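For the sequence shown, this note's numbering begins at 58 and goes up steadily by one.
What follows is one structure encoded as structure tokens, with my remarks underneath.
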Amino acid sequence: MAPHEALVHIPAGRVQLEGQVVIPAGATGIVAFAHGSGSSRHSPRNQFVAGVLNGGGIATFLFDLLTREEDVEYATRFDIALLTRRLTTASGWLMKQPDTKALNLGFFGASTGAAAAVQAAAALGDKVKAVVSRGGRPDLAGEQSLAAVRAPTLLIVGGNDLSVIDLNENAYAQLTCTKHLQIIPGATHLFEEPGTLEAAASAAGDWFARYLTAD
Numbered sequence: 058m059a060p061h062e063a064l065v066h067i068p069a070g071r072v073q074l075e076g077q078v079v080i081p082a083g084a085t086g087i088v089a090f091a092h093g094s095g096s097s098r099h100s101p102r103n104q105f106v107a108g109v110l111n112g113g114g115i116a117t118f119l120f121d122l123l124t125r126e127e128d129v130e131y132a133t134r135f136d137i138a139l140l141t142r143r144l145t146t147a148s149g150w151l152m153k154q155p156d157t158k159a160l161n162l163g164f165f166g167a168s169t170g171a172a173a174a175v176q177a178a179a180a181l182g183d184k185v186k187a188v189v190s191r192g193g194r195p196d197l198a199g200e201q202s203l204a205a206v207r208a209p210t211l212l213i214v215g216g217n218d219l220s221v222i223d224l225n226e227n228a229y230a231q232l233t234c235t236k237h238l239q240i241i242p243g244a245t246h247l248f249e250e251p252g253t254l255e256a257a258a259s260a261a262g263d264w265f266a267r268y269l270t271a272d
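Next comes the structure, spelled out in structure tokens:
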């Protein structure tokens with residue numbers, strides 16, 4: 058059976074956030090993607106990861122945290138509080154829709170989107186079942202949010218992304234939930250090297266299959 062797909066618009070204050078929901082048959086969990094600075098739901102890397110998750114029976118929600126006008130402003134891209142509010146608003150919307158309200162909720166964050174995923178997971182508590190960061194900046198979420206996350210959290214970093222490894226190691230130490238830090242050998246920040254994005258997507262899929270689809 059083909060997955061159910063829908064283009065949606067979510068009201069968020071004075072703006073509308075556009076996104077794509079894909080629900081494979083039999084899905085029990087949905088992953089909301091929080092994109093990094095200068096990226097969007099059309100990011101080929103996140104679309105690839107979403108496709109891997111869909112293939113594993115996990116629903117996905119790719120959406121734009123910022124409007125096109127907002128995304129051209131450098132400061133807005135790094136406004137973690139704003140990104141978190143947008144992700145929390147989208148999560149609340151998913152929890153109310155007939156097709157998604159029964160699905161367990163997870164977050165996949167990249168770059169600055171990882172900080173928003175951490176802060177939103179901390180705020181939503183047990184409503185979030187799993188979090189994955191790819192090449193992310195979870196450190197920008199702050200010590201208080203990192204310590205408050207309850208959802209099992211996986212941090213994926215490229216083995217050649219040395220500065221981000223250090224930042225993720227510091228964030229990892231502050232997490233008190235079930236956690237794992239996975240280094241993908243040979244990968245730089247954007248996972249552009251052959252096989253590295255596939256490895257990251259596989260790790261994310263395994264994490265969500267383990268924690269997001271659990272009862």
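For each residue, glycine too, the CB sits at the ideal point set by N, CA and C.
Predicted model only: the values in this text are computed from it and were never measured.
Near Leu232, what residues of its chain come up, given a Cβ to Cβ distance below 7 Å and the 5 sequence neighbours on each side ignored?
As a position in the sequence shown, residue 232 is number 175, starting the count at 1. Excluding sequence neighbours, Leu232 sits near Leu203, Val206, Thr210.
Kindly give me the distance between the Cβ atoms of Ala91 and Gly170, rounded to whole angstroms, as I take these residues to be in contact under 8 Å.
Taking the sequence shown and counting its residues from 1, one reaches residue 91 at position 34. Taking the sequence shown and counting its residues from 1, one reaches residue 170 at position 113. In this structure, Ala91 and Gly170 form a Cβ contact; the two beta carbons are roughly 3 Å apart against a cut-off of 8 Å.
Cβ shell of Asp183 (< 7 Å), same chain only, five flanking positions each side left out
What you label residue 183 is simply residue 126 of the sequence shown in a count that begins at 1. Cβ neighbours of Asp183 beyond the five flanking positions: Arg207.
Grab me the residues of His237's own chain with a C-beta within less than 7 Å of its C-beta, minus the 5 sequence neighbours each way, in chain order.
Walking along the sequence shown from the start, residue 237 turns up at place 180. Counting only Cβ-Cβ distances below 7 Å, and skipping sequence neighbours, we find Leu211.
Below 8 Å on the Cβ atoms is my contact criterion, and I expect Asn161 with Gly114 to pass it. Report the Cβ-Cβ distance as a whole number of Å.
Looking up residue 161 in the sequence shown gives position 104. Looking up residue 114 in the sequence shown gives position 57. About 12 Å separates the two Cβ atoms, so there is no contact after all.
Within the continuous alpha helix (DSSP H) that includes Arg102, where are the two ends?
In the sequence shown, counting from the first residue as 1, residue 102 sits at position 45. Counting along the chain, the alpha helix (DSSP H) containing Arg102 begins and ends at 101-112.
Could you give the residue range of the beta strand (DSSP E) that holds Asn270?
Against the sequence shown, residue 270 aligns to sequence position 213. Reading off the sequence, residue 270 comes out as Thr, not Asn. Element bounds for Thr270: n/a, residue is neither H nor E.
Anyone know if the C-beta pair for Gly163 and Ala187 falls short of 8 Å?
Translated into positions along the sequence shown, residue 163 becomes position 106. Translated into positions along the sequence shown, residue 187 becomes position 130. Cβ atoms of Gly163 and Ala187: closer than 8 Å.
Inspect the beta-carbon positions of Ser190 and Ile213 and report whether they are closer than 8 Å.
Position 133 of the sequence shown, counting from 1, holds the residue named residue 190. Position 156 of the sequence shown, counting from 1, holds the residue named residue 213. Yes, these two residues count as a Cβ contact at 8 Å.
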